[in-house]
Amino acid sequence: MKALTQPRIAKIAGLRQSHLTYCFPRKADLYVALLEASRARAEQRNGGADANPGVMLSSLFFTPEQTRFFLSILLGVNEDSDLKRALAGHAAGLCREVAAKFGLAPDDARVGAFIDELRGMSIRFLLEPGEREPPATLIPDIARRHGRDPLAFG
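Here the numbering used here is used: the first residue of the sequence shown is 516, the next is one more, and so on.
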């Protein structure tokens with residue numbers, strides 16, 4: 516992510532850097548926009564916001580590019596307090612979205628624990644390529660461990 520600079524992005528996008536700076540005055544603003552665009556692409560791949568929760572979660576957590584992107588942003592968090600706040604806000608938004616699909620309150624600890632386990636499994640998927648259970652099997656199992664109906668993910 517250190518290589519992801521405004522001059523470089525402006526050049527790739529065919530924009531003047533001043534235009535990019537106007538739209539994204541802080542690095543955190545740019546990263547949040549990238550996170551939102553990444554999530555929107557995942558949503559589009561899965562048929563929209565009302566897609567099956569299992570499909571949505573599989574795309575967010577078990578697509579190697581998504582996991583690498585998230586990890587690269589995490590690496591930059593310690594260096595930038597604005598980015599840390601922005602990433603926390605983004606994570607809270609994901610919790611709200613998942614909680615709504617579960618019919619739970621956004622601050623319910625079970626939602627955070629469920630997402631944390633999915634995130635951990637997504638990292639394992641990167642580290643251990645090859646034969647493994649598909650996300651369509653893992654996600655209902657993880658949901659069951661967190662007291663959620665696994666049939667909601669079928």
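No residue lacks a Cβ here, since even glycine has one placed at the ideal position from N, Cα and C.
Here the structure is a predicted model, which is why all the values come from computation and not from measurement.
Would you identify the three-state DSSP class for residue i, choosing helix, strand or coil?
i: residue 551; result: helix
i: residue 597; result: helix
i: residue 523; result: helix
i: residue 585; result: helix
i: residue 643; result: coil
i: residue 621; result: coil
i: residue 544; result: helix
i: residue 608; result: helix
i: residue 529; result: coil
i: residue 631; result: helix
i: residue 556; result: helix
Kindly indicate the opening and closing residues of the alpha helix (DSSP H) around residue i.
i: residue 652; result: 650-660
i: residue 539; result: Element bounds for residue 539: n/a, residue is neither H nor E.
i: residue 468; result: The chain is shown from 516 up to 669; residue 468 falls before or after that span and cannot be answered.
Assuming the contact rule is C-beta atoms closer than 8 Å, residue i and residue j should be a hit. Round their C-beta distance to whole Å, please.
i: residue 576; j: residue 633; result: 4 Å
i: residue 613; j: residue 630; result: 6 Å
i: residue 572; j: residue 654; result: 6 Å
i: residue 535; j: residue 524; result: 6 Å
i: residue 616; j: residue 649; result: Actually they do not touch by this definition, with Cβ atoms about 20 Å apart.
task = Assess, as a yes-or-no matter, whether the region 596-607 is touched by the region 569-584 under the definition of 3 or more beta carbon pairs within less than 8 Å.
result = Fewer than three Cβ pairs drawn from the region 569-584 and the region 596-607 lie within less than 8 Å of each other, which leaves the two stretches out of contact.
task = Determine, using beta-carbon pairs with one atom in the region 620-629 and one in the region 530-541, whether at least three such pairs fall under 8 Å.
result = no
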